[in-house]
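In terms of full-length UniProt numbering, the sequence shown opens at residue 1 and continues consecutively. In this text, a Cβ means the ideal position worked out from N, Cα and C, and glycines have one as well. These figures come from a predicted structure and were not determined experimentally. Note sheet for the following structure.
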Amino acid sequence: MSGAVAQVGVPARQQAQGRRSSLTRSRIRAAWLFIAPSLIVLALIAGWPLVRTIWFSFTDADLNNLNDYDFIGFENYLANYDGEWLGLLTEPDWWHSVWNTVWFTLVSVSLETVLGIVVALILNAAFPGRGLMRAVILIPWAIPTIVSAKMWNWMLHDQFGVINDMLLRIGLIAAPITWTANPDTALWTAVMVDVWKHTSFMALLILAALQMLPQDIYEAAKVDGVSPIRVFFRVTLPLIKPALLVAVIFRSLDALRVFDLIYVLTSNSKDTASMSVYARQQLVDFQEVGLGSAASTLIFLIIALLVVITLAAGRVRLGEDPR
Numbered sequence: 001m002s003g004a005v006a007q008v009g010v011p012a013r014q015q016a017q018g019r020r021s022s023l024t025r026s027r028i029r030a031a032w033l034f035i036a037p038s039l040i041v042l043a044l045i046a047g048w049p050l051v052r053t054i055w056f057s058f059t060d061a062d063l064n065n066l067n068d069y070d071f072i073g074f075e076n077y078l079a080n081y082d083g084e085w086l087g088l089l090t091e092p093d094w095w096h097s098v099w100n101t102v103w104f105t106l107v108s109v110s111l112e113t114v115l116g117i118v119v120a121l122i123l124n125a126a127f128p129g130r131g132l133m134r135a136v137i138l139i140p141w142a143i144p145t146i147v148s149a150k151m152w153n154w155m156l157h158d159q160f161g162v163i164n165d166m167l168l169r170i171g172l173i174a175a176p177i178t179w180t181a182n183p184d185t186a187l188w189t190a191v192m193v194d195v196w197k198h199t200s201f202m203a204l205l206i207l208a209a210l211q212m213l214p215q216d217i218y219e220a221a222k223v224d225g226v227s228p229i230r231v232f233f234r235v236t237l238p239l240i241k242p243a244l245l246v247a248v249i250f251r252s253l254d255a256l257r258v259f260d261l262i263y264v265l266t267s268n269s270k271d272t273a274s275m276s277v278y279a280r281q282q283l284v285d286f287q288e289v290g291l292g293s294a295a296s297t298l299i300f301l302i303i304a305l306l307v308v309i310t311l312a313a314g315r316v317r318l319g320e321d322p323r
């Protein structure tokens, strides 16, 4: 009897699996149909400029005449002339801009992550005016980067800036500080402005993760008398780790291609130039489209490599048991 039931059940399961498979294929086809227009538009507005930039990086193109150039292979990247190595990879200014960008990304994203967690924890607590505070903290993030950079540039001006005036009045400094012109303070100033602008973005993403956490865990911890600090490190932090990782990836990608903030605050200073500022200088100031395209291609490759590494590492961490 049981064998007959089993024989009858096998075809039924196969038919059900066939129906599910057909439904899955239909859903996949529908998904591709919906996403196809976006992919076509993305290929036109992003793929074509990228391919053109990569092509120009193998030429000696000049901004004065983009129709007259020769293919020179990898000479913009690295070439040997009479025993001397030349090209972008031998340029100290390029590697200095790479270091500036990596340092800026590490410091600013680290500070924004820590401050974002603190702000999110405060906004997650119940207090009067919490809704208004959530709206107010988004103001710096809503201001366009170039506007906030210009605003801080005036506030930090060594002669007319309000920051120097306040510090002089309370006696913290004896003379005005040239925040954006001094190589010792310029990059730190850019980090400070970036933290001021983007901490609210981090806080918003982390706050969304905090509000999805199950409250019964915290009630049980409260009944057991577990300290809030221990609850944060043993419960809250592991549970919000996926959202925290996504926020860090987004901000890191944004910080690695920083241009307008550093350009407005410190102009073309070699001491603070980021990779994007260096590429813009080659393309526009020196009109060397080939070398500038090589720098832009390297920026793309560096960011793409970091994205792959981060996603691979994040996938491993996401699979870990929070306990």
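Minimum Cα-Cα distance from isoleucine 122 among the listed residues Asp224, Ile28, Leu207 corresponds to Leu207. Aspartate 271 carries a coil assignment under DSSP once its states are collapsed to helix, strand and coil. Assignment of leucine 86 by DSSP, reduced to helix, strand and coil, places it in the strand class. With a contact defined as Cβ atoms closer than 8 Å, alanine 149 and leucine 265 qualify at about 6 Å. Below 8 Å, too few C-beta pairs join the stretch 73-91 and the stretch 202-220 to call them touching: fewer than three.
Secondary-structure assignment with DSSP links asparagine 80 through a beta bridge to Trp85. A direct Cα-to-Cα measurement between isoleucine 139 and leucine 115 gives close to 16 Å. Annotated three-state conformation of phenylalanine 259 is coil, per DSSP. Residue state for glutamate 288 is assigned as strand, using DSSP reduced to three classes. Non-local C-beta neighbours of valine 307 in its own chain, meaning closer than 8 Å and more than five positions away in sequence, comprise Ile249, Leu253, ordered along the chain. Per DSSP, the unbroken alpha helix (DSSP H) holding serine 108 starts and ends at 92-124. Counted as a single uninterrupted DSSP element, the alpha helix (DSSP H) harbouring glutamine 215 occupies residues 215-224. Annotation for methionine 133: the continuous alpha helix (DSSP H) segment containing it runs 130-136.
Spatial neighbours of glycine 225 in its own chain (CB-CB distance under 7 Å, excluding positions within 5 residues in sequence) are not present.
Between the C-alpha atoms of tyrosine 77 and proline 242 there is a straight-line separation of about 38 Å.
Under the three-state reduction of DSSP output, asparagine 65 falls in the strand class.
Threonine 59 and leucine 50 have their C-alpha atoms roughly 15 Å apart.
Membership of phenylalanine 56 in the alpha helix (DSSP H) is indicated by the continuous run 48-56. Taking the Cα positions, tryptophan 196 is about 41 Å away from phenylalanine 74. Taking C-beta atoms as the reference points, alanine 247 and methionine 202 count as a pair closer than 8 Å.
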